[in-house]
Amino acid sequence: MILVTGGAGFIGSNFVLDWFAQSEESVINLDKLTYAGNLENLTTLKNDPRHIFVQGDIGDAELVGKILAEHRPRAVVNFAAESHVDRSIHGPGEFIQTNIVGTFNLLEAVRAYWSGLAIAEKSGFRFLHVSTDEVYGSLAKDEPAFSETKRYEPNSPYSASKAASDHLVRAYHHTYGLPVVTTNCSNNYGPYHFPEKLIPLMIVNALAGKSLPVYGDGQQIRDWLYVKDHCSAIRRVLAKGKLGEVYNIGGWNEKANLDIVHTVCALLDELSPRSDKKSYREQITFVTDRPGHDRRYAIDARKIERELGWKPAETFETGIRKTVRWYLDNQGWVSNVQSGDYRKWVEKNYASRA
Ligand code: NAD
Ligand code: TYD
14 MILVTGGAGF IGSNFVLDWF AQSEESVINL DKLTYAGNLE NLTTLKNDPR
64 HIFVQGDIGD AELVGKILAE HRPRAVVNFA AESHVDRSIH GPGEFIQTNI
114 VGTFNLLEAV RAYWSGLAIA EKSGFRFLHV STDEVYGSLA KDEPAFSETK
164 RYEPNSPYSA SKAASDHLVR AYHHTYGLPV VTTNCSNNYG PYHFPEKLIP
214 LMIVNALAGK SLPVYGDGQQ IRDWLYVKDH CSAIRRVLAK GKLGEVYNIG
264 GWNEKANLDI VHTVCALLDE LSPRSDKKSY REQITFVTDR PGHDRRYAID
314 ARKIERELGW KPAETFETGI RKTVRWYLDN QGWVSNVQSG DYRKWVEKNY
364 ASRA
C-alpha cells in the first residue's frame, strides 16, 4: 500500500479517487482536515476497505511512525500543505509550521522507517514530494519557461515555505540516501477545488450574483493544468521517476487571469445564462492587487515528456468546460464548503480591497 498525505484536499482527493480507478493497491490517507480538507470529496470510498483514513498532522512524527510501522507502505506521496498565497500573506505562521516543520517531521519519521527496511524493500521505497512552480519566482514576459534547473526565487510566504520543504527533501536524499522524487507543478483546476482560488471562486461568485474580483490589471499569467492530468503525472513519476530527480509538470496553457475570467463567464453564459440574459462579465470588478503579486509563471514540461513519456490529456478548453459543468452539477458540495469560516475568510481577504 501507499501513504498519501493531504488526501482530503483538492489535488489529494482527486489523486486518491483516480488511484482506485487504476489500481487495487490500498491507500492510507493522512490528513489533518484543516479548512481545506473535506471528506465529502471521498464519499464514494466510504465502504471501500482499500481506503484507510487517519485524521492527523504530518508534523506528528509519533503518529506517522505508528502508521508506517503498522501499514508498512512502499511509498509516501506528500500533498499535505497550506496552499493559498493570500492566506499566507494574512498569516504565514501556519505555512511555516506545516510546510516546513511538518515536512521535516514527516521526513524524519519516514527516514527512521525506511532505514529499518530489508534491502529489497528499501531500494523499492519512494518518497514523492508534491511541490509548485511558484518556488521559481516570477518571469518577465519574454523569459523562457521554468526548467528544473531554474534558480529558486520564491516571493510569497507560501512559495518560500514550499521552497524550504523542497530543499529538505533534496537534502534527505543527498545526505541519507532517502529515495525521493520531487514534482513542481503549475496551477491546477478541476473538481473539488476549494472556492478561495481563482477559477472556483469566479464560478461560485458568478452563480451567486456576486462580484468577480480581479486583482490589479488581471494581466498576471499562470500556466493551467487540469487536476486529473497532474494526478496521472504523479503516478508516472512514482512508477518511473529517477531517484533524487525533479520533474516540472505543466499544461502548456499560459493564460492571463482576465482571460480565464472571461472564459468562465462565456461558459456560464452558455450553460447557465443569467435570468436577465446579460453576460456574467458584467460582474467583473477590478480590485486592489495582491502584495508582491508574481507576474508570470510558465512551465517547461519537456523533461517529464522526454524521460517519462507523460503529456497532459486535456487542453484548457476541454478541462475548463468539464470544470464549469462539475460546479453546476455539484452545487450541494459548494454550499457545504461555504461554512462560517469560509465567509470569514472572504470578508477578511476582500473587504479591504478597494
Ligand atoms: P489544499 O489546500 O486543497 O489541500 C491541502 C490538504 O492538506 C488539505 O486536505 C488539508 O487538510 C491537508 N493538510 C494541511 N495541513 C496538514 C498537516 N499539517 N497535516 C496533514 N494534512 C494537512 O491543497 P491542494 O491545492 O490540493 O495542493 C496539494 C499540494 O499540491 C500542496 O503541497 C501544494 O503546494 C501543491 N500544489 C498545488 C497546486 C495547485 O494549483 N493547487 C499546484 C502545484 C502544487
Ligand atoms: P490563485 O488561484 O490564488 O493561485 P496562485 O496565487 O497560487 O497562482 O490565484 C491565481 C491568480 O488569480 C493569481 O494571479 C491571483 C489571481 N486572483 C484574482 O485576480 N482574484 C482572486 O479573487 C483570486 C483568489 C486570485
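Going by this note's numbering, the sequence shown wraps up at 367, each residue one higher than the last. From the three backbone atoms N, C-alpha and C, an ideal C-beta is built for every residue, glycine too.
Supposed contact pair residue j and residue i - C-beta distance, whole angstroms, cut 8 Å
| i | j | result |
| --- | --- | --- |
| Ala122 | Gly69 | Going by Cβ atoms, the distance from Ala122 to Gly69 rounds to 11 Å, so no, they are not a contact pair. |
| Thr18 | Leu43 | 5 Å |
| Val274 | Ile297 | 6 Å |
| Val347 | Tyr355 | Between Tyr355 and Val347 the Cβ distance is about 10 Å, and since that is not below 8 Å, they are no contact. |
| His97 | Glu258 | With a Cβ gap of about 28 Å, His97 and Glu258 do not count as contacting. |
| Val4 | Val250 | Residue numbering for the chain in the displayed model covers 14 to 367; residue 4 lies beyond these limits and cannot be assessed. |
| Val337 | Leu271 | In fact, because the Cβ distance is near 17 Å, the residues do not count as touching under 8 Å. |
| Ser211 | Asn218 | At residue 211 the sequence reads Leu, which differs from the Ser that was named. Not quite, the Cβ-Cβ distance comes to about 11 Å (not below 8 Å), so this is no contact. |
| Gly104 | Asp307 | Gly104 to Asp307, Cβ: 19 Å. No contact. |
| Leu46 | Ala74 | So it is not a contact: roughly 19 Å between Cβ atoms. |
| Ile102 | Pro286 | The pair is not a contact, with the Cβ atoms about 36 Å apart (cut-off 8 Å). |
Beta carbon of residue i nearer than 8 Å to that of residue j
| i | j | result |
| --- | --- | --- |
| Val378 | Val300 | There is no way to answer for residue 378, as the model of the chain reaches only from 14 to 367. |
| Gly137 | Phe92 | no |
| Asp236 | Gly264 | yes |
| Leu238 | Asn200 | yes |
| Leu191 | Arg124 | yes |
| Asn112 | Asp146 | no |
| Gly332 | Gly203 | yes |
| Leu76 | Ile41 | no |
| Met14 | Glu38 | yes |
| Asn60 | Cys244 | no |
| Gln110 | Gly72 | yes |
| Tyr363 | Ile317 | no |
| Ala176 | Tyr185 | no |
| Glu95 | Glu107 | yes |
| Ile234 | Lys268 | yes |
| Phe117 | Val350 | no |
| Val240 | Phe23 | yes |
| Asp154 | Arg309 | First, the residue type needs correcting, since residue 154 is Lys and not Asp in the sequence shown. For Lys154 and Arg309, yes; Cβs fall inside 8 Å. |
Heavy atom of ligand 3 within 7 Å of residue i beta-carbon
| i | result |
| --- | --- |
| Thr56 | Absent from the structure shown: ligand 3. Ligands present: ligand 1 and ligand 2. |
| message | Count Cβ pairs between the region 298 to 316 and the region 144 to 160 that sit closer than 8 Å; are there 3 or more? | response | yes
| Counting pairs of Cβ atoms below 8 Å between the region 316 to 333 and the region 171 to 178, do you hit three or more? | Fewer than three pairs of CB atoms, one per stretch, sit closer than 8 Å, so the region 316 to 333 makes no contact with the region 171 to 178.
| query | Can we say the region 29 to 45 touches the region 60 to 68, given the rule of at least three CB pairs closer than 8 Å? | reply | yes
| query | Can we say the region 78 to 89 touches the region 137 to 150, given the rule of at least three CB pairs closer than 8 Å? | reply | With a cut-off of 8 Å, the region 137 to 150 and the region 78 to 89 count as touching, because enough Cβ pairs lie within range.
| task | Kindly provide the ranges of any beta strand (DSSP E) runs that are 3 or more residues long and lie completely inside the region 71 to 136, ordered along the chain. | result | 88 to 91
| In the region 196 to 266, which residue ranges form an unbroken beta strand (DSSP E) of at least 3 residues, counting only runs that do not cross its ends? | 200 to 202, 225 to 228, 234 to 239 and 259 to 262
| said: Give the list of continuous beta strand (DSSP E) stretches no shorter than 3 residues that lie fully inside the region 29 to 56. | reply: 40 to 44
| request: At 4 residues or longer, and completely inside the region 280 to 324: list those alpha helix (DSSP H) runs for me, N to C. | output: 315 to 321
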